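First residue of the sequence shown: 787, per the numbering used here; consecutive thereafter. Just so it is clear, CB atoms sit at the ideal spot from N, CA and C, and this is done for glycine as well. Since we're looking at a predicted model, the values are computed, not measured.
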Amino acid sequence: MAVSNDLVKHLRQLTGSSVMHCKKALEEVGGNVEMALAFLKKSSEALASKKKGRSTGSGLIESYIHGGGKVGVLLELRCETDFVARNAEFKALAHDLALHIVGMNPAYVNRDAVPEEAKEEAKRLFMAEAENLGKTREMTERIVQGKLEAHFKDVSLISQPYVKDQTITVEELLKRSIAHFGERIEVTRFVRYEI
């Protein structure tokens, strides 16, 4: 099915995907924008999983100081090539991620970066809290597991809702960027300072 250029342009504005990907998605689903969004999400996740093993030998350091000089962030965003690292859109992505970190104050890049001591301390605190509820041992353990999952989802950058678009997570934003640039992109580390 042939799709109009206006529809392709609209989908591109919604997703940031390339014109070719938008056109292909719309053709696949017969011009339905909602289905095309789902198709693009699925294809960007598939592309991101293919790129997972690649080395990120380039990238940039983004710094951001929030108004008044009270909060600042240094962020290391990596990619595969210098060509992408110098791209204005990649720099804008790094800046947006730095803004997100200032606003949302994540403690870790992802759940894998959480130290064992922090996991044990959180488990101990949630266990003490759950034991006061008077539930069975199995129920108490399930409550603690649920609280741990929710807590580390909240404090991990990758799993947080993206501050500029609450309908997606930072991980989904990175997957869309991987599909857009055609390279593996990852947040390696960040430091947030606050007075």
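Extent of the continuous beta strand (DSSP E) to which Gly-858 belongs:
Position 72 of the sequence shown, counted from the first residue, corresponds to residue 858. Looking at the DSSP string, the run of the beta strand (DSSP E) that includes Gly-858 is 857 to 865.
Cutting at 7 Å between CB atoms, please list the residues of its own chain near Leu-812, excluding the five before and the five after it.
As a working mapping, residue 812 is identified with position 26 in the sequence shown. Cβ within range, chain order: Val-789, Leu-793, Val-794, Leu-797, Ala-822.
Please name the residue in Thr-922, Glu-902, Lys-961 whose C-alpha comes closest to that of Leu-934.
Numbered from its first residue, the sequence shown carries residue 934 at position 148. Looking at the Cα atoms, Glu-902 is the closest of the given residues.
Continuous beta strand (DSSP E) stretch holding Ile-847: start and end
As a first step, residue 847 is located in the sequence shown; it is residue number 61 there, counting from the start. 844 to 851 is the span of the beta strand (DSSP E), which, as asked, contains Ile-847.
Contacting residues, own chain, Cβ-Cβ under 6 Å from Glu-764 (five flanking each side not counted)
Outside the shown range of the chain, which is 787 to 981, sits residue 764, and nothing can be said about it.
Here's a check: name, in chain order, each residue in its chain whose Cβ is nearer than 6 Å to the Cβ of Tyr-776, leaving out the five neighbours to either side.
A query on residue 776 cannot be resolved here, the shown segment of the chain reaching from 787 to 981 and no further.
One or two residues paired with Phe-976 in a DSSP bridge
Along the sequence shown, one-based indexing puts residue 976 at 190. Phe-976 pairs with Leu-861.
Can you tell me where the alpha helix (DSSP H) holding Thr-926 begins and where it ends?
In the sequence shown, residue 926 corresponds to position 140, counting from 1. Per DSSP, Thr-926 belongs to the alpha helix (DSSP H) from 923 to 941.
Pair within 7 Å by beta-carbon distance, Gly-855 and Ala-871
On the sequence shown, position 69 is the one that residue 855 refers to. On the sequence shown, position 85 is the one that residue 871 refers to. Cβ atoms of Gly-855 and Ala-871: not closer than 7 Å.
In chain order, what residues of the same chain have a beta carbon less than 8 Å from the beta carbon of Gly-889, not counting five sequence neighbours either side?
Taking the first residue of the sequence shown as position 1, residue 889 is located at position 103. Val-949.
Check Ile-981 in the structure and name its three-state DSSP category.
As a first step, residue 981 is located in the sequence shown; it is residue number 195 there, counting from the start. Coil.
Can you tell me the Cα-Cα spacing of Ile-944 and Ala-884, whole angstroms?
For the purposes of this step, residue 944 is taken as the residue at position 158 of the sequence shown. For the purposes of this step, residue 884 is taken as the residue at position 98 of the sequence shown. Looking at the two C-alpha atoms, the distance is approximately 13 Å.
Between Glu-907, Ser-942, Tyr-850, Ala-899, which lies nearest to Leu-879 when the distance is taken from Cα to Cα?
Reading the sequence shown from its first residue, position 93 is the one you call residue 879. For Leu-879, the nearest C-alpha among the options comes from Tyr-850.
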